[in-house]
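Residue numbers (our numbering): 4 to 61.
Idealized CB from N, CA, C, for every residue including glycine.
Beneath this line is the structure, given in structure tokens, with notes to follow.
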């Protein structure tokens, strides 16, 4: 496979791949029930270390 073949493949299928990734991210973000999870994640920087309810398993 030479450079030109790889470039042609990336130009044609690369755009399709990126569009699919974009659609998956948008669907995942706006799916039902994601607001609660997004709100929890948005509050993480504002919480103290002891406020989080997760197990710290090393």
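Put residue i into one of helix, strand or coil per three-state DSSP.
| i | result |
| --- | --- |
| residue 3 | Outside the displayed range of the chain (4 to 61) lies residue 3, so it cannot be described from this structure. |
| residue 4 | coil |
| residue 42 | helix |
| residue 52 | helix |
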